[in-house]
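Heads up: the first sequence runs through residues 6 to 466, numbered per our numbering. We treat Cβ as the ideally placed atom computed from N, Cα and C, and that holds for glycine. As the structure is a prediction and not an experimental result, all values here were calculated from the model. These notes are about the structure you will find just below.
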Amino acid sequence: MLKIYNTLTRKKELFQPLVAGKVGLYVCGMTVYDYCHIGHARVMVVFDTVARYFRYLNYELTYVRNITDIDDKIIKRAFENGEEYGRLTERFIDAMHEDERALSVLPPDIEPRATQSINDIITMIKTLVAKELAYVGTNGDVFYAVNNFKDYGQLSGKNLDDLQAGERVDVDLAKRNPMDFVLWKMAKTNEPAWDSPWGSGRPGWHIECSAMSTCCLGNHFDIHGGGMDLQFPHHENEIAQSEGATGEKFVNLWMHNGFVRVDDEKMSKSLGNFFTVREVLKQYQPEIIRFFILSSHYRSPLNYSDEQLNDAGTALTRLYTALRGVNIVADEIVDETYKTRFEQAMNDDFNTPVGLAVLFDLARDLNKAKSNDPEKISILATSLRQLAGLLGILQNDPDAFMKGSGDNESDDGKIEQQIQERLNAKIAKEWLLADKIRNELKEQGVILEDSPDGTTSWRRD
RNA sequence: GGCUGCGUAGCAAAAUGGUUAUGCAGUGGCCUGCAAAGCCAUCUACGGCGGUUCGAUUCCGCCCGCAGCCUCCA
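Next comes the structure, spelled out in structure tokens:
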């Protein structure tokens, strides 16, 4: 039985789909004016893992993740670059998809874009205006009137009276209430704009997600997710907009993932302490990043450091070492005990660290079977690979993983050649020469492992 | 000021009212020409103070510390 932590109730709840056997999942995606950083990678990997698990449980899943391709920062960046904003967003959407593929993140079923949803957005704003939940401010922008939505604050546990509006940012005098937020923003000269009943402008940030999610999944759907920082005001505002417009409950279950931190501080664009995915990929294999992300629970903070990434690499190598040289049989059944343990972990709010612990136990069993119980090797290896597949790891060829990527093949050839020389030295019992070759390779980050049958395998450290 | 959440061994990270997490690192052993990998064994824990309980790291209260949100942010 799958249990998921619901931010709305602050409790783990038994997951009950609105329609038996089906799940609608909406996740707030990226604003595309820069490369994805590790924090974005966490959202992608976490919800990809959630999606994989729903499918594994045989749910018919519709996974929607939007792209914010128009907003103030995009306009600003495009202006700075002297670039047309649409070109800028196309570039970064492509880059995002590249990063995604690298991290074995499967594409969502629907990837709606704000600029392609303008009609739906305008329709929703019209409804809100008609219901007096929205009004035109003194500057012509359309605002949402938070005072007229009685449940405002239900998700974040905030009380309108307790919020200190204006403490950190100037209150916009065009609004009736400082907490009111913009639905439609009037365009300045030369800004991208769309026609609307309120004049030429563009949608506010929050409204696009309300419009796109209800369009793709219906007025009322199962799960909405995103980063912790979106809880307030973004998701709170989405609830106000959607429930205000449709009169129906918006979302049953809210999932929020924790932040990636650097030196115990949130990784964010505004702090400038972020590492982009492509930057990190130069140093670490993509699977190591994925493993690193899944090694902590999705709601916990995740501290980014070289030490952590190196540990993740070592740990992953242990799993691949267990699989090395073992023949995986495609139609072999998965071991029931491990399968049950793994499912119990995942059923408990997607507890991937425990899931990984199960994989390590499995790997140890497999290593033992190699010397004790050859008949079990096949089922254990297959189980390891299949269960790991639910996390999107361990699907590569073990040798390919351990020999690393990105290095050219002539290097590999040279290494093989030196290994052969060392094997000859070993046969001649010239231990000094053999050790010298091994040390030289070690200097280059190549570790040799002799096996009992007289062959030598190697991996990159 | 208001609202969340967190504090576990050298590091990372889970679960749990009484019994082994797991990975890395350390120590001892097996294996090996020596290593590496692997296997076996083993040392380091639950921020502080009270309360509930036969028993609390686990539940409750208070305190201390940390992070996040209350502006855009995944």
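Residue closest to residue i, alpha-carbon to alpha-carbon, out of the options
i       : options                               : result
Gly-206 : Ile-80, Val-48 and Ile-432            : Ile-80
Asn-429 : Gly-409, Asp-404, Val-451 and Thr-461 : Thr-461
Arg-118 : Asn-144, Asp-156, Ala-150 and Asn-71  : Asn-71
Glu-421 : Asp-440, Leu-276 and Leu-446          : Leu-446
Leu-367 : Arg-346, Ile-9 and Asp-354            : Arg-346
Glu-248 : Phe-279, His-261, Phe-406 and Thr-219 : Thr-219
His-42  : Asn-372, Tyr-309 and Met-407          : Tyr-309
Lys-381 : Asn-182, Val-331 and Asn-356          : Val-331
Ile-398 : Leu-385, Asn-372, Arg-427 and Leu-364 : Leu-364
Lys-27  : Arg-82, Arg-15, Leu-222 and Glu-116   : Leu-222
Pro-238 : Phe-226, Gln-159 and Asn-262          : Gln-159
Asn-356 : Ser-376, Lys-434 and Leu-395          : Leu-395
Trp-199 : Ser-161, Thr-120 and Asp-114          : Thr-120
Tyr-64  : Ala-320, Ile-384 and Leu-30           : Leu-30
Exposed unless 16 or more other CB atoms sit within 10 angstroms - verdict on residue i
i       : result
Ala-56  : buried
Leu-324 : buried
Lys-190 : buried
Ala-135 : exposed
Arg-369 : exposed
Ile-338 : exposed
Arg-92  : exposed
Glu-241 : buried
Met-6   : exposed
Asn-195 : exposed
Asp-234 : exposed
Asp-390 : For the record, residue 390 in the displayed sequence is Arg; it is not Asp. Buried is the call here.
Beta-carbon spacing of residue i, residue j below 8 Å
i       : j       : result
Val-24  : Tyr-303 : no
Leu-108 : Ile-228 : no
Gly-44  : Phe-264 : yes
Arg-47  : Leu-361 : no
Pro-403 : Arg-329 : yes
Val-282 : Asp-104 : yes
Ala-150 : Leu-138 : yes
Thr-387 : Ile-333 : yes
Tyr-343 : Leu-392 : yes
Residue i versus residue j: straight-line alpha-carbon distance, rounded
i       : j       : result
Ala-335 : Asp-269 : 44 Å
Gln-236 : Gly-34  : 14 Å
Trp-210 : Asn-86  : 22 Å
Ser-305 : Phe-297 : 13 Å
Glu-348 : Asp-39  : 37 Å
Tyr-68  : Leu-276 : 31 Å
Lys-19  : Ile-9   : As written in the sequence, residue 19 is Leu, which differs from the Lys given in the question. Going from the Cα of Leu-19 to the Cα of Ile-9 covers about 6 Å.
Gly-171 : Lys-180 : Only weak support is given to the placement of Gly-171: the predicted model assigns it a pLDDT of 49, under 50, and the question is left unresolved by the model.
Met-129 : Phe-186 : 15 Å
Lys-431 : Met-351 : 48 Å
Gly-142 : Asn-153 : 15 Å
Ala-216 : Ile-244 : 11 Å
Asn-11  : Val-359 : 20 Å
Met-260 : Cys-214 : 15 Å
Ser-122 : Ala-374 : 56 Å
Val-256 : Glu-341 : 35 Å
Asp-353 : Asp-311 : 29 Å
Gln-313 : Pro-291 : 14 Å
Tyr-58  : Pro-22  : 15 Å
Asp-76  : Ile-212 : 12 Å
Leu-437 : Asp-455 : 16 Å
Ile-416 : Asp-316 : What sits at residue 416 in the sequence shown is Asp, not Ile. If you take the alpha carbons of Asp-416 and Asp-316, they lie about 25 Å apart.
Asp-466 : Pro-457 : 22 Å
Thr-54  : Gly-204 : 43 Å
Thr-326 : Phe-280 : 29 Å
Ala-83  : Ala-100 : 16 Å
Leu-453 : Ala-439 : 11 Å
Asp-167 : Pro-183 : 12 Å
Arg-464 : Val-285 : 21 Å
Lys-271 : Leu-188 : 28 Å
Ile-115 : Lys-419 : 47 Å
Lys-163 : Leu-13  : 12 Å
Residues that DSSP places opposite residue i in a beta bridge
i       : result
Asp-353 : Lys-8
Ser-462 : Glu-454
Thr-73  : Thr-36
Pro-208 : Trp-189
Trp-259 : His-229
Tyr-149 : Ala-139 and Phe-186
Trp-199 : Gly-206
Ile-115 : Val-69
Val-265 : Leu-307
His-42  : Thr-281
Contact test: residue i Cβ vs the ligand HEM heavy atom, cutoff 7 Å
i       : result
Thr-342 : Of the ligands one can find in the structure shown there are none, so the ligand HEM has no counterpart to examine.
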